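The structure appears below as structure tokens.
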Amino acid sequence: MPSLFVFRGQDQGVRFELDEDALGLGRDPSNPIQIHDNEVSRRHAEIRRNNSIFTLADLGSSNGTFINGRKLSPRERHTLASGDEVQLGSTLMLFTGSEDEEDLNLSDKINIIHGKDSGDHSRIIRAMKQEEGSQILMGDPGNSASPWLARARSNLQVMYRTALAVSHTLDIDQLLNRIMQLIFEWVEADRGCMMLLNPESGVLEPKVRRTRKGLSEDKISISKTILDYVLEHNEGVLTSDARDDQRWNPAASILQMGICEAICAPMQGRYGVVGVIYIDTSISPQRIVQQGSATKFTEEHLKLMIAIAHQAALAVEDTRYYSAMVQSERLAAMGQTIATLSHHIKNILQGIRGGSFLIKEGLSRHDEGMVGKGWEFVEKNQERISSLVMDMLTFSKEREPELVPADLNSVAADVVELMNVRAVERGVELVLVPEGHLPLLTFDPEAMHRAVLNVVSNAIDACDRETMNREVEPEEEEDDFLDDGNETREIEPAIVQASQTPLEPRVGHVEVRVEYAPAEGMVRVAVHDNGCGIPAGEIDHVFSLFVSHKGGRGTGLGLPVSQKILKEHGGRIVVTSEPGKGSCFTLELPALLPEAAPQHTLSGQKIEG
Amino acid sequence: MVPQRSVLIVDSLEETREVLRTALEERGLRIYAASQAEKGLALARKHHPDVIVLDLDFARTSGDDSTGDEISSGFSAESQARATPLVVLGSARRGQSSLPSGEFVSKPYHYAPLIRKIEELLDQARQPARKAS
Chain A
-8 MPSLFVFRGQ DQGVRFELDE DALGLGRDPS NPIQIHDNEV SRRHAEIRRN
42 NSIFTLADLG SSNGTFINGR KLSPRERHTL ASGDEVQLGS TLMLFTGSED
92 EEDLNLSDKI NIIHGKDSGD HSRIIRAMKQ EEGSQILMGD PGNSASPWLA
142 RARSNLQVMY RTALAVSHTL DIDQLLNRIM QLIFEWVEAD RGCMMLLNPE
192 SGVLEPKVRR TRKGLSEDKI SISKTILDYV LEHNEGVLTS DARDDQRWNP
242 AASILQMGIC EAICAPMQGR YGVVGVIYID TSISPQRIVQ QGSATKFTEE
292 HLKLMIAIAH QAALAVEDTR YYSAMVQSER LAAMGQTIAT LSHHIKNILQ
342 GIRGGSFLIK EGLSRHDEGM VGKGWEFVEK NQERISSLVM DMLTFSKERE
392 PELVPADLNS VAADVVELMN VRAVERGVEL VLVPEGHLPL LTFDPEAMHR
442 AVLNVVSNAI DACDRETMNR EVEPEEEEDD FLDDGNETRE IEPAIVQASQ
492 TPLEPRVGHV EVRVEYAPAE GMVRVAVHDN GCGIPAGEID HVFSLFVSHK
542 GGRGTGLGLP VSQKILKEHG GRIVVTSEPG KGSCFTLELP ALLPEAAPQH
592 TLSGQKIEG
Chain H
4 MVPQRSVLIV DSLEETREVL RTALEERGLR IYAASQAEKG LALARKHHPD
54 VIVLDLDFAR TSGDDSTGDE ISSGFSAESQ ARATPLVVLG SARRGQSSLP
104 SGEFVSKPYH YAPLIRKIEE LLDQARQPAR KAS
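Note that the protein sequences, when read in sequence, are chains A and H. Everything in the first sequence is counted per my numbering, starting at -8 for the first residue and increasing by one. Everything in the second sequence is counted per my numbering, starting at 4 for the first residue and increasing by one.
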């Protein structure tokens, strides 16, 4: 899939897949390729696709569009080639065209030959260690190097950055493919392949192969002797199958067949050799005659290949290490998740057992009231399990919101109606303030319902009767009253809200307000509670998975789920709080009017690095 | 005149408080209940119940770690001072906490056995008093 990869700028790491015939680039959110950069115009440039050809044109932007450092002229349409650097403002992107379809099983296309079976007479002309080869990256860009080398070197920097950056998002095979592509663009090789050492077996396995267009796809035969040499000495080698004396003074005999030169470089990483890169080229008789010599690859080519192989190895190591690390982090997180979930499920089970016990007792004593109470408990816990499961599902999947034109006011109203019973039970006033001038907007109503619900539920818990200490369970108070009426005050805990006296009860109050801000292109649902607030240091942790601050009541999934849903919509949740006074959770998302919204913009194309 | 015996229940789960209250009041016991650990401790200090039922997990996560420990050691002290049996409900390992005179009931539990256990403890506590008189 052709794509634009951002390797410098605020969107660094993002890869835009180019799967439409026309794609706009710019700062405005309506662009499929939205670039967060102040130096980029709202509608800056456009990429068009015709069959498989991609072209780029500037749309009259303020700062211009640059391709490989050159500014596009006003009406120019540049045909994009793999490896092109596209610059808008301070954002740099790399274009890659369609990848060749590579066979996964390359073993019948690449041959490692032993001895001189197939008549391969290649000999090592020049061997070089990695340090010497990598020098090519260090030296002064301008001096004595050929222009070809200077450009190759700067491109290598790009490749290095790209390779490392993409190693976080792509798997090894795609990474290697990309590197091979770039090699072919700089070096006039005819064929090439990359082989990686299998960490367990220690055997070289072909991973990528490439042949220049127009050439036959014969098997590539590589002498084992040379491979062994490369791996053992950790040196890059340049080989030729012409005898020394004949390379510089071609004799008639070789003019018929042409010469094959090859470079084989070890992929030396931080910890060891991870594989080899091999490229070869044939020098035709015609060329030999023209040049008067039978050589093509120079020492500079060898140096460059060694340097590339080194960077490729680092990238491969990063990918492997990274995946191993991600794997182990995932396992750890999973362990924690399972432990926390089982804690919550145990509590729910306990609740169900409680309800069942009361039902049984009630039935045996013919006490309907007790049965009723028991049943209430069972039902409540069913709801809890259901919520927990829904939240778990929502959290675990990579979801695309189902975008339809919908009314955010009714979503909020539904939530308020649903939560009203619970609010009343808990002694909380729940109020809805809908937005007066709210058009139909594009979002996923079911998902937003869930997002708002979780936040409102959290708000109710934050300021319900118990939390506010206005009234502890009636029986408790009664008991104390019987004992010693004056001591009611004593039993309230030491933590008293700074803004109130112990006697003054605070009624929990939750307000759900819908706000439309067309000037900003945003719509918001602000949920305000007058609960005990969140200390400054803890606000960041509010969305952490499974850290529940409700004394064991919440599952800890609610808020992270809400945040995930808002992110899927290209929005976010902002939290402000004043300990002792209350908190405000604002769900904010882009206000997309139904006609203007492209089908897939919100989360479909972007892959965050 | 035997003073009415009492049980203190400190648990965040409404179901637990309700079930135990229902079952135990029916057996002539007076119930104190708290949904917050600190309040529970205050009630314990004030009313000196005959048995304390404490959800340990809850007590520990009630505040930050230090408060949690303070609370469990508060209950522990209370329990030791008056030889009040402590029934601890929890998922934690028994050895973790500093609660000595305790019966440990691991979650999830069934209510009938728990109620029997509470009654047992009440009877045991009563025995010495009878003997004395």
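Heads up, the beta-carbon is just placed ideally off N, CA and C, and yes, glycines get one too. Bear in mind that the values here come from a model prediction, so they are computed numbers and not experimental data.
Assuming residue i is part of the beta strand (DSSP E), what are its boundary residues?
i	result
A/His612	No information on residue 612 of chain A is available, as it lies outside the stretch -8 to 600 that chain A covers here.
A/Phe57	56 to 58
A/Ser273	264 to 274
A/Phe45	44 to 49
A/Ile116	114 to 120
A/Asn41	36 to 41
A/Phe576	573 to 581
A/Arg182	182 to 188
A/Glu196	195 to 202
State yes or no: is the C-beta of residue i within less than 8 Å of the C-beta of residue j?
i	j	result
A/Pro257	A/Val221	yes
A/Leu431	A/Ala582	no
A/Gln121	A/Gln277	no
H/Tyr114	H/Leu92	no
A/Leu229	A/Ile116	yes
A/Asp520	A/Gly571	no
A/Leu379	A/His334	no
H/Tyr35	H/Leu46	yes
A/Glu196	A/Gly74	no
A/Gly80	A/Asp28	yes
A/Thr46	A/Thr70	yes
A/Phe288	A/Ile250	no
A/Arg182	A/Ile211	yes
A/Leu580	A/Asp382	no
A/Val503	A/Val565	no
H/Asp58	H/Val10	no
Let me see if you follow: with CB-CB separation under 8 Å, is residue i close to chain H or not?
i	result
A/Glu502	no
A/Phe434	no
A/Leu601	Since the displayed chain A opens at -8 and closes at 600, residue 601 of chain A lies outside it and no answer follows.
A/Pro465	Its pLDDT being 39, under 50, A/Pro465 is placed unreliably in this model, and the coordinates cannot settle the point.
A/Glu374	no
A/Phe175	no
A/Asn477	Summary for A/Asn477: the model assigns pLDDT 34, below 50, so the residue's position carries little reliability; its value from the coordinates is reported in the next sentence. No - not a single Cβ of chain H is within 8 Å of the one on A/Asn477.
Across which residues does DSSP place residue i in a beta bridge pair?
i	result
H/Val13	H/Ala37, H/Leu57
A/Ser(-6)	A/Glu8, A/Thr87
A/Lys62	A/Phe57
A/His69	A/Leu47
H/His113	In the DSSP output, where bridge partners are listed per residue, H/His113 has none listed.
A/Thr433	A/Pro396
Cβ closer than 7 Å: which chain H residues qualify as neighbours of residue i?
i	result
A/Asn225	Those do not exist, as A/Asn225 stays about 53 Å from chain H at its closest Cβ, beyond 7 Å.
A/Phe368	Glu18
Would residue i count as contacting chain A if we go by Cβ distances under 8 Å?
i	result
H/Leu16	yes
H/Thr25	yes
H/Glu122	no
H/Arg8	no
For the alpha helix (DSSP H) containing residue i, list its first residue and its last residue.
i	result
A/Leu550	549 to 559
A/Thr385	359 to 387
A/Thr216	215 to 224
A/Ala414	399 to 417
A/Ile170	163 to 177
Output, in chain order, the set of chain A residues within a Cβ distance shorter than 9 Å of residue i.
i	result
H/Thr19	Gln341, Gly342, Gly345
So which residues on chain A does residue i lean against when the C-beta distance must stay under 7 Å?
i	result
H/Lys110	Lys337, Gln341
H/Val22	Gly345, Phe348, Leu349
Which residues in chain H have a C-beta closer than 8 Å to the C-beta of residue i? List them in chain order.
i	result
A/Leu529	The amino acid occupying residue 529 of chain A in the given sequence is Glu; Leu does not appear at that position. The contacting residues do not exist; A/Glu529 stays about 10 Å from chain H at best.
A/Glu352	Thr25, Ala26
A/Met361	Thr25
For residue i, which residues in chain A fall below 8 Å Cβ to Cβ?
i	result
H/Ala115	Phe348
For chain D, check one thing: does any of its Cβ atoms lie closer than 8 Å to the Cβ of residue i?
i	result
A/Lys364	Structure shown: chain D not included; protein chains present are A and H.
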